[in-house]
Amino acid sequence: MPDPSSPDPAGRNAAVPPPAGAGGAGPAQIATMGLGGILVRFSDRLDDGANRAALAFRAAVEAAGWDGVEETAASLGSVFLRFDPARTDAGALGERLAPLLSGRDWYRAALPAGRRLWTIPAVFDGPDLAAAAGLAGLTPEAAAAELAGARLRVLALGFAPGLPYMGPLPAHWDIPRQTALTPVAPAGAVVVALRQVIIFPTPTPTGWRQVGRSRFRAFRPGAATPFALAAGDEVRLRVVDADELGALAAADPEGGGAVAEPIG
Amino acid sequence: MTALRVLSAGPGVTVQDRGRPGWLGYGLSRGGAADALALAEGAALLGQSGDLAALEMAGFGGTFEAEADMVIALTGAPMRAAAAGARLRWNATHHLRAGQRLVIGAAEAGVYGYLHLAGGIAVPEVMGSRAAHLTAGLGAPVAAGDRLPVGEGRAARAGLGLDPADRFHGGRLRIVASAQTALFSPAERARFEATGFTRDARGNRQGVRLTHDGAPFRAEGQLSILSEIIVPGDVQMTGEGTPYVLLPECQTMGGYPRIGTVVPDDLAVVAQAGPGARLGFRFVGLDEALADWRRARAGEAARLAAAIRPLVRDPAEMADLLSHQLIGGVTAGDDLGEEE
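As you go down the protein sequences, you meet chains A and B in turn. Those letters in the first sequence? Residues 0 to 263, by numbering that gives the first Met the number 0. Those letters in the second sequence? Residues 0 to 339, by numbering that gives the first Met the number 0.
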């Protein structure tokens with residue numbers, strides 16, 4: 000009978016010491032996930048350095064092209080490697096991950112190359128705008144102005160295809176999810192929680208609060224570029240009224256009037 | 000291209016294959032057949048590639064009509080099936096003649112039944128797969144009026160059957176530790192292993208909800224967990240403290256605490272557990288789970304092939320039955336004792 004208090008008798012769930020100067024965000028932890036997964040966690044809290052580390056470290060693992068690694072993904076503060084357990088194992092990959100981790104200060108890594116700044120038109124008339132503004136200590140008008148004035152960064156893509164987790168917003172936007180789920184927020188909905196903004200690519204049940212709506216499609220199945228945004232891109236929401244949004248979407252059904260320009 | 004016409008279909012009928020790997024980093028889960036073994040069994044019965052697409056039927060099938068002669072296979076959750084008025088055996092291959100109707104009813108056990116066509120279902124690939132991924136907006140449920148194009152294939156044999164591994168009545172699932180297992184106290188993990196669960200009515204290709212008697216399961220700091228990558232097999236504890244086991248069409252990130260991951264070879268048991276089925280969990284070490292997995296992979300194709308044997312023929316179709324018995328005194332083949 001296995002002892003449930005020893006989840007990994009092989010002892011492969013280990014911490015790697017942080018590099019000098021990593022601040023309070025380290026150390027990175029390596030843990031197995033199922034039979035064919037490894038998670039490298041830079042932080043268990045939303046943190047700019049850990050997000051930079053996750054994006055840069057994922058790119059480095061991709062570039063390394065290790066045998067048996069089938070795909071990688073970055074989340075807000077961690078990197079996941081899916082591998083074929085018939086070709087490699089967590090122990091062998093851990094031996095390659097450790098020196099890569101300690102080889103540089105990932106928490107101060109540059110953001111990815113080729114980033115773009117998106118300007119996405121949105122109407123701030125969401126059903127939860129007043130409630131979200133209240134939790135942030137703002138009037139609805141001030142909340143909309145703050146959200147539209149913020150330069151958001153795409154911290155991660157995930158949950159649903161192309162879905163951008165964007166932020167961070169100022170600390171007063173650290174508002175919780177609702178306990179009751181909204182059965183369906185429509186595609187294009189602009190929602191907030193936890194100092195982050197999401198634009199839903201598909202109709203989605205959610206505990207986040209809907210403050211507005213766009214006609215931006217972050218996932219375009221069948222298109223040459225199915226995923227519009229990339230982690231590291233920046234996003235500005237531009238306030239429009241319902242009529243203007245309708246006209247923009249009529250002219251640009253997938254982008255809803257969004258414009259992208261290179262950064263730097 | 001010839002096709003199978005859909006005259007009617009249940010609400011959960013979709014085209015599925017082995018899924019669409021490679022997009023996890025963009026938020027698109029792999030998806031694919033809920034019961035991957037059933038897909039492999041159909042491919043083995045028809046002697047074709049496991050990469051071809053089949054029709055997955057959640058709980059209920061539909062009525063179909065062949066535009067041309069074809070060979071089909073039926074696997075996964077056993078369902079009542081008939082063609083030209085005659086009952087068709089599940090886990091077997093059959094002829095479907097041009098113009099004949101195939102009627103597939105409700106599942107008799109389990110959840111997901113599969114209808115395979117020799118040559119596969121040749122709907123166009125989108126992003127590398129033919130699988131519908133409804134939560135992502137890829138593909139659509141199969142509905143009356145659809146034509147399912149039949150791919151080019153080698154001739155398949157009708158009249159073959161196999162004995163499937165029983166995975167349609169729940170059971171105890173092997174689970175390995177994951178990146179958040181340590182957030183649950185040893186006592187909470189022990190209680191989890193000792194608890195019997197029931198598959199709730201709420202369940203789909205994204206995952207199934209379980210219920211249990213007793214206190215909710217709690218993890219340390221469970222309300223402030225940063226969203227991380229999640230994978231099929233992960234057992235999330237939802238806000239109400241009940242387990243939710245993720246299946247192939249799950250989301251790719253989540254912030255609920257995960258107590259562990261069901262091993263891949265037991266995931267079909269979760270998918271095929273119908274509402275009310277009893278499920279439990281048993282932690283196994285990663286080395287043991289990997290050894291089991293590798294043993295199961297070695298010779299998997301050979302084992303499937305060996306499980307296939309000719310069906311005893313229906314006497315009504317067996318014009319030479321009498322001569323067999325008169326001449327040989329026994330049935331001609333090695334099929335004695337293989338009746339249902």
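We put the CB at the ideal spot given by N, CA and C, even for glycine. In this text the structure is predicted, and so the values were computed from the model without any measurement.
- Around the beta carbon of residue 256(A), 16 or more other beta carbons lie within 10 angstroms, which makes this residue buried.
- Counting the other Cβ atoms within 10 Å of the Cβ of residue 93(B) gives 16 or more, which makes it buried.
- If the five residues before and after residue 21(B) are omitted, its C-beta is found closer than 6 Å to no C-beta atom of its own chain.
- Looking at the DSSP output, residue 100(B) shares a beta bridge with 64(B).
- The contact set of residue 77(A) on chain B, defined by CB atoms closer than 9 Å, consists of 178, 225, 227, 228 in chain order.
- Here residue 259(B) carries a strand assignment [DSSP, helix/strand/coil].
- With respect to residue 155(A), residue 203(A) sits apart: the two C-beta atoms are not nearer than 7 Å.
- Under the 7 Å criterion on CB atoms, residue 70(A) is classed as interfacial with respect to chain B.
- Not flagged as an interface residue toward chain A: residue 99(B), since no C-beta distance is shorter than 7 Å.
- Taking residue 86(A) as the centre and dropping the five residues before and after it, the same chain places the C-beta of 66, 67 closer than 8 Å to its C-beta, in chain order.
- Within 10 angstroms of the beta-carbon of residue 182(A) lie fewer than 16 other beta-carbons, which makes it exposed.
- For residue 213(A), there is no enclosing alpha helix (DSSP H), as DSSP gives it neither H nor E.
- The beta carbon of residue 132(B) is closer than 8 Å to those of 19, 27, 28, 30, 138, 248 in its chain, skipping five residues each way along the sequence.
- By the Cβ neighbour-count rule, residue 34(B) is buried, with 16 or more other Cβ atoms within 10 Å of its own.
- Taking a C-beta cut-off of 8 Å against chain B, the contacting residues of the segment 203-218 of chain A are 218, listed in chain order.
- Counting every other CB atom within 10 Å of its CB across the protein chains shown gives residue 262(A) a total below 16, marking it as exposed.
- Residues of the segment 24-36 of chain A with a Cβ closer than 7 Å to any Cβ of chain B, in chain order: 30, 31, 32, 33, 34, 36.
- Under a criterion of Cβ atoms nearer than 9 Å, the residues of chain A adjacent to residue 262(B) are, in order, 33, 34.
- Between residue 76(B) and residue 110(B), the alpha-carbon positions lie close to 6 Å from each other.
- A straight line joining the alpha-carbon of residue 255(B) with that of residue 43(A) spans about 13 Å.
- Assigned with DSSP and collapsed to three states, residue 203(A) falls in strand.
- Under the DSSP definition of a beta bridge, residue 252(B) partners with 228(B).
- Within chain A, no C-beta atom comes nearer than 7 Å to that of residue 121(B); the closest sits roughly 18 Å away.
- Membership of residue 147(B) in the beta strand (DSSP E) is indicated by the continuous run 146-148.
- Listed in chain order, the non-local C-beta contacts of residue 4(B) below 7 Å within the same chain comprise 63, 64, 66, 146, local neighbours out to five positions each way being set aside.
- With respect to residue 260(B), residue 232(B) sits close: the two C-beta atoms are nearer than 7 Å.
- DSSP places residue 195(A) in the strand class (E or B) of the three-state scheme.
- The segment 74-126 of chain A contains, as complete alpha helix (DSSP H) runs of 4+ residues, the segments 89-101 (chain order).
- Look at residue 32(B): its C-beta is not under 7 Å from any C-beta on chain A.
- Linking residue 98(B) to residue 88(B) through their CA atoms gives a straight-line distance of about 20 Å.
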